[in-house]
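What follows is one structure encoded as structure tokens, with my remarks underneath.
In UniProt numbering, the protein residues as written are 1 to 1131.
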């Protein structure tokens, strides 16, 4: 059942409403003569489409005295409907002639408009233009609202001959209007607009009887709406209070739901309210459990043990969901699959009983879900019986006749709302699927037409017209969403809600939805050849629009609106009104249904860094009243465990702001030291108690300045000294042992007496260890990784060679090169080549080995270099050594450039000298020339050599030029480059060293045993509350250290302390920071200057208008001087 009005108005007190009604009645009497002329002008455009008679609405409606409310006796079974009755709701009895005139009038109106869609357009135009006071109440698109008007009027006309049916229909309509502040003025305006429409469209066919019948019917409906709004308030309150007790909510949740706080945010309950509700919940929920225990004990005569009795009692249903499933199984309705769908939507329907559009939305969603889960008939009364039995069981003390009537009344209205939709979604789904399968090329034409029509809609549509392609994408997406809504309603409703929350961040106005949907429906109407198809699209578009509009409206909190402005003062102002107990949730959670959005996360993603900075600073501020401390770090990391990654990726400028908020320094010194609290719990531990990935994200970020932050310094030092250092050293012990054995075999024992059999055996044993264990370890590791990279295609092509991506790590590359060197050594091993040697074993020198000894020695030397390189990570045990090694690595690039330049010069000069006509043996050919030039560059040539070059002056001059270019220019240029590069690296040298250590920590932590990790975490005592000062116990989650008092002088208390009320529902008092904020100081000064200029301008005008009196003028200027002095004092 659809409603007339789809909007909301502000609540007004009864006195104001009555005064408004009296004023409206007087204005109607005064403007009665102009009503016909106004209506004729409003519908002049409509009259051009068909020949219409001049309206005489004044004479048809008669006197306006019938607009006054008339009290009707409570025992009156039938009302005449001539007046707008607001104090009773009986059955309307129309005479046969009036009922016949009403039906004929409606049929004539439909015939004059040809189609129901056109009739709906006429009705919308009449209401919007003829009754402007009602126009603000509508929220749905005009096309959808027009169809609702037509369908509702048709049902009323059909039911007018059946008073009980008409009463039930009007009761349902009144229920959907309970959320609208319906007044007599609104009813009279709406009624007059409809009567004027009929007068214009029908002319002489709109008889006096028809006018009287429509007036009576509309007065009856409007008066019933007012009566129901006032009469059903107690029922709604009963439903909500009962539901909070049986829904399994905690005491705090029950009180929070009882009333919202400011700005749409939930309020914070007092301790007394929580205790009272907790007692009610406990008594109601445990009554059945006690009864079951007693019955069980009596039936089994005490033979069950105490443990089994306790177990049986704990399995008794205590929530509505559990009790309903229990009763459904007992009654024999467990096979009704649609019951689960109703049960899933039941909580939302009850919770929004006072919001009829939201209730209708939930009923539409429920109809979709039932259509997908059940193919047979659905008897909704079965749910009612099981519902009432479950509620009676859960509320044995609170249940009463009023509760029985309220819940029965509620479910009857839900049944009526479902009746017109239930069973139709399957038909609509088939029509939409058939349409989408055959449109083909028409899809492009439809998108073009929608884009063209929407571009000519009213102001505001240009905000979303980014491009033709973008609008086509939106149109195609809406059509596909319509089909998906019928196929998978549960997933699609969540997706639409998530889309609406994203639109909250975009700042999209809901005013654009109505025109866009109207355009879409008009285009579909021209393309559709089936009434079911048009109805399906209209219904689906309307449902999606309602969900989007509701989500955007509920999600558009003052914090989200301030984020869109990205102004620090606006965000601070929006946050300042939050209750101190809910202040963090205002910045971290906006919940709409099952979907949620974080204002802080949206500010980071959308680039509103100023707003995000304000929220981070506010969340990580220390505040205190006389009872407790408030600190939002726990809430921040609970809502966003990946906040460090978000900031490093999307807002690097805010990373330091986050870490600054995790640090507290005392302004009080003790023994030349001060307390410093580092709240690193959430940087160290994840939500499951494991090692948090925060350090990995910081390593990926790679900023040496951030790594040097005191919080990160302490975090890395604690983990390194407590866990990672020993695990890292243990991992490097194998490489150290292998290098020791390799060094012993190749450099020590092999140089001893080769004829000693013991020495030969030791060499053989060491090399067996190297080839068997070390090489075997490398082979197993790299073969496994290469195979995995090949299967997952994790490799890069370098020319025609595929290089696995894991070799991009220098440690893995060195390990791979060492494996190849050991393989080469194994093939060239002298012991193998000399195996049969006159009966003696393990010789390394023989004729056969002499052929491969050179290659073997080269690979052996290379392996020695690579072994030492693998142990280069050990420098991380000292930050100074690590920093020095990093500086050396960064200088290698400059040295490489210099060597490349020197090699180029050697090649150039060697080539030039080799073509000269000279007989010097040192420069015969390019290779000899390059060798001697390289020796000159390295200073390996003495003066006698240059004396021998005198015989060839050209060669001598060329050598001088080479020495000048290489030694004097390139080498000095290298020194300058190294100096500049060192100065650039020096500032970040410590940060780079710490970054290297942190990478090693991240790589080492997965190898730490769980037992060692748990012992390490327990030793930190992160759950212990830290002291701010002596006797001032604060929050837990950190580590306290003492630093020298002169290290970071602090003269201001970081904790903001407030007196007064300690209630969590009270906001924090506004702090006066204008003197510390230069921007606010300048703003205040600007306002004072503007005020002063206004005073001067006003004074000038006064002087010019006053008669020429010197005394008066002098006095006025003295007054002006005093005002200026006062203004300057304010500045």
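Where a beta carbon is used, it is the ideal one built from N, C-alpha and C, also for glycine.
Keep in mind the model is a prediction, meaning the values are calculated, not measured.
Query raised in the report: Under the DSSP definition of a beta bridge, which residues are partnered with residue 670?
Result: 673
Query raised in the report: Who are the Cβ neighbours of residue 358 in its own chain at under 6 Å, not counting the five residues just before and after it?
Result: 352
Query - Three-state secondary structure assigned by DSSP to residue 1070 - result: coil
**Report entry** C-beta contact flag for residue 761 and residue 867 at 8 Å
**Finding:** no
Query raised in the report: From residue 155 to residue 687, what distance separates their C-alpha atoms?
Result: 57 Å
Requested in this report: Return the CA-CA distance between residue 1060 and residue 992, expressed in angstroms with no decimal places.
Outcome: 49 Å
Query raised in the report: For residue 1057, does the three-state DSSP call read helix, strand or coil?
Result: strand
Query raised in the report: Which residues in the same chain as residue 664 place their Cβ atom closer than 6 Å to its Cβ, once the five residues preceding and following it in sequence are excluded?
Result: 677, 1054
**Report entry** Range covered by the alpha helix (DSSP H) that runs through residue 399
**Finding:** No alpha helix (DSSP H) holds residue 399; DSSP gives it neither H nor E.
Query raised in the report: To which residues does DSSP link residue 1027 through a beta bridge?
Result: 1033
Query raised in the report: Is DSSP giving residue 54 helix, strand or coil here?
Result: Any reading at residue 54 needs caution, since the residue's pLDDT is 30, under 50, leaving its predicted position unreliable; the model's value is listed next. DSSP places residue 54 in coil when its eight states are reduced to three.
Query - Sufficient close CB pairs (3 or more, under 8 Å) joining the segment 215–223 to the segment 366–376 - result: no
Requested in this report: Quickly, what does DSSP pair residue 629 with across the bridge? List them, please.
Outcome: 624
Query - residue 527 and residue 615 closer than 8 Å at C-beta - result: no
Report task. List the whole-angstrom C-beta distance separating residue 907 from residue 955, where the pair is believed to meet the contact cut-off of C-beta under 8 Å. Result -> Residue 907 to residue 955, Cβ: 17 Å. No contact.
**Report entry** When 421, 1101, 241 are compared against residue 536, the one with the closest alpha-carbon
**Finding:** 421
**Report entry** residue 532 - DSSP class collapsed to helix/strand/coil
**Finding:** helix
**Report entry** Local conformation of residue 496 per DSSP, three classes
**Finding:** helix
Query raised in the report: Which residues in the same chain as residue 902 place their Cβ atom closer than 7 Å to its Cβ, once the five residues preceding and following it in sequence are excluded?
Result: 937, 966, 970
Report task. State the DSSP-derived secondary structure class of residue 596, mapped to helix, strand or coil. Result -> strand
Query raised in the report: If you drop the 5 nearest sequence neighbours on each side, which residues of the same chain put their C-beta closer than 7 Å to that of residue 364?
Result: 421, 543
Query raised in the report: Touch check for the segment 763–775 and the segment 789–796: three-plus C-beta pairs under 8 Å?
Result: no
Query raised in the report: Thinking C-alpha only, which one of 982, 909, 453 is nearest residue 886?
Result: 982
Query - Per-residue burial, residue 602 [other beta carbons within 10 Å of its own, 16 or more giving buried] - result: buried
Requested in this report: Would you kindly report the start and end of the unbroken beta strand (DSSP E) that includes residue 1040?
Outcome: 1039–1044
Report task. Measure from the alpha carbon of residue 723 to the alpha carbon of each residue in 428, 1003, 172, then state which is nearest. Result -> 1003
**Report entry** Same chain, Cβ closer than 6 Å to residue 258, five either side skipped, listed in chain order
**Finding:** Note that residue 258 has pLDDT 41, beneath the 50 cutoff, so the model's placement of it is unreliable and the number below is only indicative. Result list for residue 258: empty, nothing under 6 Å.
Query raised in the report: What residues are listed by DSSP as bridge partners for residue 643?
Result: According to DSSP, residue 643 bridges with nothing at all.
Requested in this report: May I have the straight-line CA-CA distance separating residue 858 from residue 1018, to the nearest angstrom?
Outcome: 52 Å
Query - Contact set for residue 62: own chain, Cβ-Cβ below 7 Å, skip 5 residues either direction - result: At residue 62 the pLDDT is 34, less than 50, meaning the model places this residue with poor confidence and gives no usable figure here.
**Report entry** residue 637 - DSSP class collapsed to helix/strand/coil
**Finding:** helix
Report task. May I have the straight-line CA-CA distance separating residue 721 from residue 656, to the nearest angstrom? Result -> 24 Å
**Report entry** Span of the beta strand (DSSP E), counted from its first residue to its last, around residue 803
**Finding:** 801–804
Report task. Could you check what DSSP says for residue 353 in three-state terms: helix, strand or coil? Result -> coil
Requested in this report: Leaving aside the five residues before and after residue 973 along the sequence, list all residues of the same chain whose C-beta is less than 6 Å from its C-beta, in chain order.
Outcome: none
Query raised in the report: Below 8 Å, can you find three or more Cβ-Cβ pairs linking the segment 593–608 to the segment 643–651?
Result: yes
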